[in-house]
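Scroll down for the structure; my scribbles are underneath it.
There are 2 protein chains.
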Amino acid sequence: METSKRRRSNTRARLLEGAVEVFAERGFHGASVEDICERAGFTRGAFYSNFASKDELVLALFQATTDRLLEQIEALLPELATQPGTLLDAVLGLLDETAPDERQWHLISTEFTLHALRDPEAARALNQQRAMFRDSLTKLVEQIVETSGLTLSVPAERFVRLVIALHEGARSQSLLEPRELPPGELERTFLPMVLEAVSRPSR
Amino acid sequence: METSKRRRSNTRARLLEGAVEVFAERGFHGASVEDICERAGFTRGAFYSNFASKDELVLALFQATTDRLLEQIEALLPELATQPGTLLDAVLGLLDETAPDERQWHLISTEFTLHALRDPEAARALNQQRAMFRDSLTKLVEQIVETSGLTLSVPAERFVRLVIALHEGARSQSLLEPRELPPGELERTFLPMVLEAVSRPSR
Chain A
115 METSKRRRSN TRARLLEGAV EVFAERGFHG ASVEDICERA GFTRGAFYSN FASKDELVLA
175 LFQATTDRLL EQIEALLPEL ATQPGTLLDA VLGLLDETAP DERQWHLIST EFTLHALRDP
235 EAARALNQQR AMFRDSLTKL VEQIVETSGL TLSVPAERFV RLVIALHEGA RSQSLLEPRE
295 LPPGELERTF LPMVLEAVSR PSR
Chain P
115 METSKRRRSN TRARLLEGAV EVFAERGFHG ASVEDICERA GFTRGAFYSN FASKDELVLA
175 LFQATTDRLL EQIEALLPEL ATQPGTLLDA VLGLLDETAP DERQWHLIST EFTLHALRDP
235 EAARALNQQR AMFRDSLTKL VEQIVETSGL TLSVPAERFV RLVIALHEGA RSQSLLEPRE
295 LPPGELERTF LPMVLEAVSR PSR
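If you read the protein sequences in the order shown, they are chains A and P. Okay, so the first sequence: first residue is 115 according to my numbering, each after it adds one. Okay, so the second sequence: first residue is 115 according to my numbering, each after it adds one.
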């Protein structure tokens, strides 16, 4: 028999899925809590027993997406310890695969970022979430760099910020012109050059 | 006496200025043609004799911004011919200065890009505008590279796409966390490394 806890987690997951679809169609501001409930097949009561607000739901989406990405990178670590050269390939491959629908995810995350630029409370919550993700990625990069017997000439945190900035900017271009710029092409072309430029053997 | 043409161009400029303010406050979707007219002190008639739609007005803003940037870069060319090493400094300096209010410009251009991802007609117009800008920048990069006696190992167009992607992604991070990431820092740190990695002496 399904426990109450599992039922709750299932409700939450279905609300998140419904929200992704509704946000992608109507935008963050255009989608109401009612729209999300209708899509997921739940009442407003079910929504508010899981999320305090639409903002909180989007932040939970960010959390789920970044958790999944970090888990996938961590799963690669043992392999990377023996073949450090594949780090960038592995990470770049993950970036492509992580969001099953890059377009939907780009719309939602960009819209919420714009919302945060006008709403200090949303900005605080988003920045906290992004900082946690960056910190986790930074620790992974430091760990991999050390395992590979390398030292970086820039803080690992700056390299992580570069990867995120380039990926987000390139994704926008690829979504606008998929034929002119295949997804991941700028990252695959330029990130290895940067990594080469900033790494030196430790000893 | 002011000619009709000059009066028209003045009306257009004031509508554009008003629109920048209203879009930044209320967003592209939240701002109506009425809001823009009220802010600029004109009637709807004046608006529609200058722009067919809100979309057309935003595209005119893109055009004005990119024209200004290209003019500034072209003005630097004579200096660059004698001191090619300063190319990147000059371009990066311009990126900082170009949009007098980076925040407003980021909000408007990002919102219109999201709109274009949902509206094929807006996408066509935006892509055409962005392609013209990229082409102009690409020609400038090719010209500067040649003047400097260098050859690029990647197409100049790809390097231009990288600069735009990194700048747009980094701007989003700097606007969210200005103290953690000063504007332009990622570009100044990493673009010189990439330029170094892709350029070789021609002969």
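C-beta atoms are modelled at their ideal positions from N, C-alpha and C, and glycine is treated no differently.
Under 7 Å by beta carbon: chain A residues contacting residue i
i	result
residue 304 of chain P	276, 308
residue 268 of chain P	303
Neighbour flag for residue i against chain A, beta carbons, 8 Å
i	result
residue 188 of chain P	no
residue 279 of chain P	yes
residue 290 of chain P	yes
residue 282 of chain P	yes
residue 311 of chain P	yes
residue 251 of chain P	no
residue 241 of chain P	yes
residue 300 of chain P	yes
residue 221 of chain P	yes
Straight-line Cα distance separating residue j from residue i
i	j	result
residue 171 of chain P	residue 163 of chain P	12 Å
residue 304 of chain A	residue 271 of chain P	13 Å
residue 263 of chain A	residue 295 of chain P	28 Å
residue 173 of chain P	residue 182 of chain P	14 Å
residue 142 of chain P	residue 140 of chain A	14 Å
residue 155 of chain A	residue 180 of chain A	26 Å
residue 223 of chain P	residue 176 of chain P	8 Å
residue 120 of chain P	residue 276 of chain A	45 Å
residue 221 of chain P	residue 133 of chain P	12 Å
residue 130 of chain P	residue 291 of chain A	27 Å
residue 122 of chain A	residue 167 of chain A	17 Å
residue 278 of chain P	residue 285 of chain A	12 Å
residue 147 of chain P	residue 219 of chain A	30 Å
Sequence-distant residues of its chain with Cβ nearer than 6 Å to residue i (five each side left out)
i	result
residue 250 of chain P	184
residue 145 of chain P	136, 137
residue 236 of chain P	169, 229, 230
Same chain, Cβ closer than 8 Å to residue i, neighbours up to 5 away in sequence not counted
i	result
residue 268 of chain P	312
8 Å Cβ cutoff, residue i in contact with chain P
i	result
residue 287 of chain A	yes
residue 173 of chain A	no
residue 272 of chain A	yes
residue 264 of chain A	no
residue 231 of chain A	yes
Partners in chain P for residue i, counting only beta-carbon separations shorter than 7 Å
i	result
residue 224 of chain A	224, 228
residue 237 of chain A	290
Assigned secondary structure, residue i (DSSP; H/G/I helix, E/B strand, else coil)
i	result
residue 315 of chain P	strand
residue 295 of chain P	coil
residue 117 of chain A	coil
residue 303 of chain A	helix
residue 265 of chain A	strand
residue 165 of chain A	coil
residue 279 of chain A	helix
residue 176 of chain P	helix
residue 155 of chain P	coil
Residues that residue i contacts on chain A, provided the C-beta gap is smaller than 8 Å
i	result
residue 295 of chain P	275
Sequence-distant residues of the same chain with beta carbon closer than 7 Å to residue i, five excluded per side
i	result
residue 135 of chain A	153
residue 316 of chain A	263, 264, 265
residue 238 of chain P	none
The ligand ZN heavy atom lying under 7 Å from the CB of residue i
i	result
residue 234 of chain P	Absence of the ligand ZN is noted for the structure shown, with no ligands found whatsoever.
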